[in-house]
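Structure first, commentary second.
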Amino acid sequence: MATKLDGKALSEKIRADLKERLHQQSNEKGLPIPFLTTMQVGEDLPSTVYIRAKQRACEEIGFGFRHYKLPEETTMDELCKAVTEVNNDPTVHGLLVQSPLPSHLDEIEVQRMVAPEKDVDCFHPENVGMLYIGRPRFQPCTAGGIIELLLAYGYDPAGKRVVIIGRSVIVGRPLALMMMLKARGGNATVTVCHSRTTDIPAITRQADILVPAVGITEMIKGDWVKEGVIVVDVGINRVPDATKKRGYRLVGDAAFNEIEPKAEAIAPVPGGVGPMTVAILTGNVMRAAGYDVGS
Ligand code: NAD
0 MATKLDGKAL SEKIRADLKE RLHQQSNEKG LPIPFLTTMQ VGEDLPSTVY IRAKQRACEE
60 IGFGFRHYKL PEETTMDELC KAVTEVNNDP TVHGLLVQSP LPSHLDEIEV QRMVAPEKDV
120 DCFHPENVGM LYIGRPRFQP CTAGGIIELL LAYGYDPAGK RVVIIGRSVI VGRPLALMMM
180 LKARGGNATV TVCHSRTTDI PAITRQADIL VPAVGITEMI KGDWVKEGVI VVDVGINRVP
240 DATKKRGYRL VGDAAFNEIE PKAEAIAPVP GGVGPMTVAI LTGNVMRAAG YDVGS
């Protein structure tokens, strides 16, 4: 039976540790209470759910939190003005503009507007560049969460063959970079598959650690992996389910029931990477407020 990489339990531990550090360092060093501001443009439902999870985590640790919900028709100028106001507010330490943005807004330009020292999502080109050269200011939240989850269970990527499926700026690309850095959680041999890769199963069968981050329900089948693989499933897919109150359930990109008997360890969906993403975000907010949050 595979070990379950329990991101929910680990994220609770991380929150407790951050709470302790907040208490200690705000007293000893006179640091301010960390404050996160989030912005959402439009009504994207998953975004609303993610922001609520971020708010809950912040409030549980004891951060200040404010959410701005802007109308779908918000223009670039209006969003720029709102971002600039938060950039200039010294009581706010972290600013996160939730993606996806409506298609009339330029997401990359918006990320460039966020003050780099408040960019707790690590999307600003300056912070991406700092990561690239091996001196990260913040950890990209999902990639950092995957690495911390592996390390917590004793699965150091160093020297391992890691296969990532997906090359997005949010997950696949920063994870590939972090896993090949000469640093804690890195030193892996990394292969990235994507929508144009041919014969993906032949590649995934070589993986010691497999990270699907695509968004296709149960795409990774049991015969795509070798015995003893470690699977960190990032995909979040909604499958209609009349037995659930909300009418759907969440499943990953990996066919859990087929893979679990062959795997050494597997991070389930839900309860694996999702809560870890939020945990890394909260660490970034504390770092932005001047706290030492450890490694
Ligand atoms: P995206 O749509 O930006 O990227 C998907 C990637 O998958 C692309 O790079 C594409 O090349 C690749 N891809 C598409 N079809 C493919 C195919 N048939 N074979 C191989 N590769 C293919 O998505 P994203 O933002 O990176 O998110 C990916 C998944 O991860 C989604 O389900 C998303 O909900 C989930 N996600 C989870 C978290 C979390 O915290 N758990 C965070 C971010 C994203």
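Each residue of the sequence shown is one higher than the last, beginning at 0 in numbering that gives the first Met the number 0. Where a beta carbon is used, it is the ideal one built from N, C-alpha and C, also for glycine.
May I ask you to list the residues that DSSP assigns as paired with residue i?
i: residue 297; result: Any property of residue 297 remains undetermined from this structure, which presents the chain solely from 0 to 294.
i: residue 95; result: 37
i: residue 163; result: 191 and 210
i: residue 114; result: Note: residue 114 sits in no beta bridge, so no partner.
i: residue 68; result: 39
i: residue 2; result: 264
i: residue 63; result: 34
i: residue 219; result: 253
In terms of residue numbering, what span does the alpha helix (DSSP H) encompassing residue i cover?
i: residue 273; result: 272–287
i: residue 82; result: 75–86
i: residue 229; result: Element bounds for residue 229: not the alpha helix (DSSP H) but the beta strand (DSSP E), 229–231.
i: residue 200; result: 199–203
i: residue 124; result: 124–131
i: residue 136; result: No alpha helix (DSSP H) contains residue 136, which DSSP labels as neither H nor E.
i: residue 157; result: Counting along the chain, residue 157 falls outside any alpha helix (DSSP H), and DSSP gives it neither H nor E.
i: residue 171; result: 171–179
Is there at least one non-hydrogen atom of ligand 1 closer than 7 Å to the beta-carbon of residue i?
i: residue 272; result: yes
i: residue 235; result: yes
i: residue 32; result: no
i: residue 206; result: no
i: residue 213; result: yes
i: residue 165; result: yes
i: residue 169; result: yes
i: residue 141; result: yes
i: residue 10; result: no
i: residue 121; result: no
i: residue 103; result: no
i: residue 199; result: yes
i: residue 92; result: no
i: residue 46; result: no
i: residue 194; result: yes
i: residue 216; result: no
i: residue 276; result: yes
Should residue i go down as buried or exposed, given a rule of 16 or more other Cβ atoms within 10 Å for buried?
i: residue 110; result: buried
i: residue 87; result: exposed
i: residue 132; result: exposed
i: residue 12; result: exposed
i: residue 83; result: exposed
i: residue 138; result: buried
i: residue 56; result: buried
i: residue 103; result: exposed
i: residue 44; result: exposed
i: residue 97; result: buried
i: residue 191; result: buried
i: residue 72; result: exposed
i: residue 172; result: buried
Is the Cβ of residue i closer than 8 Å to any Cβ of chain C?
i: residue 95; result: Protein chain content of the structure displayed is limited to a single chain, and chain C is not contained in it.
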